[in-house]
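K.L.:
Handing you a structure now.
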Amino acid sequence: MENLVYIALFAPFASSMFSALFGMSPRQTFVGVIASTLLFISFAASATLAYHVYSTGTAIHVTMMEWISAGDLTIPFGFLVDQVSVTMMTVVTLVSTVVHIYSIGYMDHDKSFNRFFSYLSAFVFSMMILVMSDNFAGLFIGWEGVGVCSWLLIGFWYHKADKPREENPSISPSWAANEAFIVNRIADLGMLVGIFILYWNVGSLQYDVVFAALPDLSGSVLNAAALALFIGAMGKSAQFPLHTWLTDAMEGPTPVSALIHAATMVTAGVFLVIRANPLFGMDEVAGVSYFIAALGTFVAFFAASMALVNRDLKRIIAFSTLSQLGYMFAAAGLGAYWIALFHLAAHAFFKALLFLGAGNVMHAMDDELDIFKMGGLKKAMRWTYIYMGLASLALAGIPFFAGFFSKDAIIETAFNEGTFVLWVILVLTAGMTAFYSFRQVFLTFHGKERYDKATIHPHDMYKFVLIAMAPLAILAAIAGFFMGGYENFVTKLLPEYHMSEHTHHIAWLLGLLVLVVAVSGIVLAYRKYANGLKRDEDLENSFIYKLLANQYYIPQFYEEFITKPYAMLSEHMWKDIDMKIVDTTVDGIAKFLYKSGDGARKMQTGNLSNYLNWMAVGAVILLVVAAISAMLV
Amino acid sequence: MYEAVAFYLFSVLTIGLFLITVMSKNVLYAMTSLAAGMVLISGFFFILGADFLGVVQLIVYVGAIMALYSFAMMFFDATRDIKEKNTSNALVFVLGGLSALVLVLIFAAPIHSEAIQALYPMHEGVGNAQDVGIVLFTKYLVPFEVAAVMLLVAMISGIILAGKKMDLSLTEDMSADDEILTQKDEK
Amino acid sequence: MIGLSHYLIVSALIFSIGLMGVLRRRNLLMLFFATEVMLNAVNIAFAAISHYYNDLTGQMFAFFIIAIAASEVAVGLGLLIVLYKKYGSLDLDDLASMKG
């Protein structure tokens, strides 16, 4: 079993290194094939481990080596495969395998094909470290690793030029990559502070040691640690106010969006909260947990509202990711950790499917993303239509698809906890979710063809790509039926969560209510968009529409009130402090050395006699120094 | 008493002779006084009981080295006075005087250390040559052999440097080379 | 009574004379003479220390210094001859070709 742990962890690493060997050479299909094979091996190992953990109910804990050992600080390079991490491992490797195979087709014409696989596999490796580590330090390494890889991947088409914000809200891939990285840095500082607080008070970073020591800590320490760790989670999971990077990150290639910005990296924050559930679940930090739930609910609504009016295919899906992450946080904040984890897994399947489908559409439409310029793709792209429709059904929470079970459970939890405000918002959001996902499906696939038929000839993706997407589609459809079994499996580690008798009693009613809201959302979308696009000028010019379309003007706000003042401050520092003080000092030293060298050059007469004189001067000085020091002693 | 007389006599003479060596414009004078000074230094050695060293000093310095100098002098024009632009006397005397002063001060200071112990003590009733021989061929054998090799190397290099193309003038060779080069250029 | 200090002082004086020679002369042959003077000065100090501490080590060093002086003269004179053949002069002012 121990070997399987290493295989699951290092197969992506091997894949990354192998692809990196060909990073600078032209496209080689076998690179993609081998990378996908290695990822599949990693998936197979993860799945075997999952079965093992499931059947025996025991976690596997391996320590590869001592990593840091300094004074009292010892951090081993250890890996923990328990119910939580094995879930993440399986989901991550499954989605990654599909995305790798998909990328062989999608990146077919890209000249940096090999480089792409190298980054992609490196990302999976970092994610595996993140989820498998048995201590906070390893988690942080993985955390930063996925940050770096996402930077590389978002900025994969770094050569694209900057555009003004009106034309392209995310300006350029390299701009978006930098934004993602910098925003994450801000949050990572919080995360680091949290880790330091825990280490300072506990003296260890091992999960088991830290969690065992929690009851002895004071309430303020616990609150500070929980809050700081959650700030880290907010950055990675793009919660308000650090959410802007996620939609801008859609500048990256679509497989990247599917893998990183839907299925894996952004869930790291949720994973952290779930992993640290002994901390977040304590009575002392109930305030922080409630804050998490409230913020999650807010983000769920907030993101869904922006998705309602967006015209960019990938951005809509990105907003829906944000919204679903909000759901997960809401569940985790309310103490239903296993439901959050289940929604995470289910969401990963249908969201990756949705993104990959969007990639197919993009591929067919010559990289056009505006859904107002699509339409009628149903016939040309039958399979993509089926996949995206299926994923949207799952996302909307239509019964018997994956999203129905997981999202419903979250909404039920909100009701059960007595937080009715959150419940109402979450129900409303479910309706909005259904509306915007089907708005997108109908605008893309139904109605008249609004694209330029002379230049664009839509066609479906390669066969193998469509086949590779099938597992995701199947799981998006049926994952919900495993909910009961999964609950038994994962609650061996995570705290159990039961609905109260009362809630249980009216569960069907609540479910029905949500369903009605969701279906009405779909019906509304159908009536408005299924028969082609009828643009409503009044609506589009209304204040609310503009507010939503411009993402509540938050990017502009950041630009005006953070980026620009910071740039001004930097320029001030540069011109007045760096140039005038630091540079002048350094230049002064250089000038002094130069001048003194120039002066000393006169010694170099080329005349041996002069050299001898100088040598004698030096010898006499040394003699005098020796004599004086001897006298002083 | 004799020792004191001899010491002061030798000291004054040596210093005087060496001053002539350093100050004289004539190579011949300088060399002669140098040789004389070295003989007197061997006198110091004899006073100090280092008989063997004194003999070596006479043979090697006064015999061999001075002979080498006199042969070498034949290559140079030694009869004329040397015309050189000497370094300003002020600098020379300041530096030389200062170093002399400091050294004298250092050496005149009493030696406090009691820990100085003879590494290879001399033996009573045994001749200096015998003592030196035993130490030189046991404790200092390796440096001795290395010194021998060094002398061999020095000899060979001396022969090669001075003896190569003894029959030719080096300056003429150079011009010949230049001619060949210019001819090549013309072609 | 003549002590160790007397010898050392004489040695220091002779050494300084040699140093003055090195500083003052521009003729290479004269520089060689001055060097010889300095080497001899050191030899006196060694022999004196050897005598007063009843230790043979000083004499050993003096031997090696003589050996080194001999080698130096052999090589140095060879070089001087080559230089003289090439430039027709031994004056350092004429040989200053390494101006920086």
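Here the protein sequences come in this chain order: B, Z and D.
For the first sequence, counting from 1, position 274 maps to 274 in the working numbering; every step adds exactly one.
Take the position in the second sequence, starting the count at 1, then add 1000; the result is the number in the working numbering.
Take the position in the third sequence, starting the count at 1, then add 2000; the result is the number in the working numbering.
For every residue, glycine included, the Cβ atom is placed at its ideal position computed from N, Cα and C.
Taking DSSP's pairing of strands, which residues face threonine 93 of chain B in a bridge?
P.N.:
Note: threonine 93 of chain B sits in no beta bridge, so no partner.
K.L.:
Is the Cβ of valine 624 of chain B closer than 8 Å to any Cβ of chain Z?
P.N.:
yes
K.L.:
Of all Cβ atoms in chain D, is any one closer than 8 Å to the Cβ of serine 640 of chain B?
P.N.:
Only positions 1 to 633 of chain B appear in the structure, and residue 640 of chain B is not among them; the question remains open.
K.L.:
So, with DSSP's three-state summary, where would you put valine 81 of chain B?
P.N.:
Three-state DSSP puts valine 81 of chain B in a strand.
K.L.:
For alanine 262 of chain B, which option in B:Ile317, B:Gly326, B:Tyr385 has the closest C-alpha, if you only look at C-alpha atoms?
P.N.:
B:Ile317
K.L.:
Does chain D have any CB closer than 8 Å to the CB of leucine 638 of chain B?
P.N.:
In this structure chain B extends from 1 to 633, so residue 638 of chain B is not present and cannot be described.
K.L.:
Determine the closest residue to methionine 381 of chain B out of B:His459, B:Val424, B:Ile425, B:Ala358, with distance taken between C-alpha atoms.
P.N.:
B:His459
K.L.:
May I ask you to list the residues that DSSP assigns as paired with valine 361 of chain B?
P.N.:
For valine 361 of chain B, which the question treats as bridged, DSSP gives no partner whatsoever.
K.L.:
By DSSP, does glutamate 66 of chain B sit in helix, in strand, or in coil?
P.N.:
In the three-state reduction of the DSSP assignment, glutamate 66 of chain B falls in the strand class, which pools E and B.
K.L.:
Based on DSSP bridge pairs, tell me the residues matched to leucine 73 of chain B.
P.N.:
Bridge partners of leucine 73 of chain B: B:Ala70.
K.L.:
How would you write the range of the alpha helix (DSSP H) that tyrosine 2084 of chain D sits in, first residue to last?
P.N.:
For tyrosine 2084 of chain D, the enclosing alpha helix (DSSP H) covers residues 2057-2087.
K.L.:
Assuming the contact rule is C-beta atoms closer than 8 Å, alanine 352 of chain B and alanine 258 of chain B should be a hit. Round their C-beta distance to whole Å, please.
P.N.:
For a cut-off of 8 Å, the C-beta gap from alanine 352 of chain B to alanine 258 of chain B is around 5 Å, short enough to register as a contact.
K.L.:
Thinking just about the alpha-carbon of each residue, which of B:Leu377, B:Asp408, B:Thr433, B:Phe438 is nearest to the one in lysine 448 of chain B?
P.N.:
B:Leu377
K.L.:
Give me the residue from Z:Val1062, Z:Met1122, Z:Ser1099 with the minimum Cα distance to asparagine 613 of chain B.
P.N.:
Z:Ser1099
K.L.:
Reducing DSSP to helix, strand and coil, say where isoleucine 292 of chain B ends up.
P.N.:
helix
K.L.:
Would DSSP call glutamine 206 of chain B helix, strand or coil?
P.N.:
Look at glutamine 206 of chain B here: in three-state DSSP terms it is strand.
K.L.:
Can you list the residues of chain Z that alanine 627 of chain B reaches, using a CB-CB cut of under 8 Å?
P.N.:
Val1102, Leu1105, Ile1106, listed in chain order.
K.L.:
Could you work out which residue in B:Ala600, B:Ala396, B:Ala187, B:Phe156 is closest to tryptophan 175 of chain B when comparing CA atoms only?
P.N.:
For the set B:Ala600, B:Ala396, B:Ala187, B:Phe156, the Cα lying nearest the Cα of tryptophan 175 of chain B is the one of B:Phe156.
K.L.:
Going along the chain, which residues of its own chain have a beta-carbon closer than 6 Å to the beta-carbon of leucine 313 of chain B, five neighbours each way excluded?
P.N.:
Ala358, Leu369, Ile371
K.L.:
By DSSP, does serine 237 of chain B sit in helix, in strand, or in coil?
P.N.:
coil
K.L.:
What distance in whole Å lies between the Cβ atoms of glycine 2018 of chain D and methionine 2038 of chain D, which are believed to be in contact at a cut-off of 8 Å?
P.N.:
3 Å
K.L.:
Consider the Cβ of leucine 612 of chain B: report whether some Cβ of chain D lies at a distance smaller than 8 Å.
P.N.:
yes
K.L.:
Just the Cα atoms here: how many angstroms apart are valine 2075 of chain D and glycine 1037 of chain Z?
P.N.:
23 Å
K.L.:
Do you know whose CA, among B:Gly335, B:Phe329, B:Phe240, B:Gly219, lies nearest threonine 491 of chain B's CA?
P.N.:
Nearest option by C-alpha distance: B:Gly335.
K.L.:
Could one say the Cβ of serine 2050 of chain D lies closer than 8 Å to chain B's Cβ atoms, at least one of them?
P.N.:
no
K.L.:
Please name the residue or residues paired with asparagine 201 of chain B in a DSSP beta bridge.
P.N.:
Bridge partners of asparagine 201 of chain B: none, in fact.
K.L.:
Is glycine 1016 of chain Z close to the ligand GTP? I mean its beta-carbon at under 7 Å from any heavy atom of the ligand.
P.N.:
No copy of the ligand GTP appears in this structure; indeed no ligand is present at all.
K.L.:
Is leucine 1170 of chain Z helix, strand or coil when you go by DSSP?
P.N.:
Here leucine 1170 of chain Z scores only 46 on pLDDT, less than 50, and its place in the model should not be relied on; the value that follows carries that caveat. Here leucine 1170 of chain Z sits in helix by DSSP.
K.L.:
Taking the runs of the alpha helix (DSSP H) that are 4 residues or longer, which of them lie wholly in the region 368-422 of chain B?
P.N.:
382-396, 402-416
K.L.:
Taking 8 Å as the threshold (C-beta atoms), are valine 270 of chain B and serine 237 of chain B in contact?
P.N.:
The answer is yes: Cβ separation under 8 Å.
K.L.:
Tell me whether methionine 2001 of chain D is buried or exposed, calling it buried when 16 or more other Cβ atoms sit within 10 Å of its Cβ.
P.N.:
exposed
K.L.:
Do tyrosine 2053 of chain D and alanine 1109 of chain Z have their C-beta atoms closer together than 8 Å?
P.N.:
no
K.L.:
Just to confirm, are alanine 228 of chain B and glycine 281 of chain B a CB contact at a threshold of 8 Å?
P.N.:
no
K.L.:
Buried or exposed for histidine 100 of chain B, going by 16 or more other Cβ atoms inside 10 Å?
P.N.:
buried
K.L.:
Check each candidate in B:Asp82, B:Ser500, B:Glu66 and name the one with the smallest Cα separation from valine 53 of chain B.
P.N.:
B:Asp82
K.L.:
Quick check on proline 1121 of chain Z: does DSSP put it in helix, strand or coil?
P.N.:
Proline 1121 of chain Z: strand per DSSP, three-state reduction.
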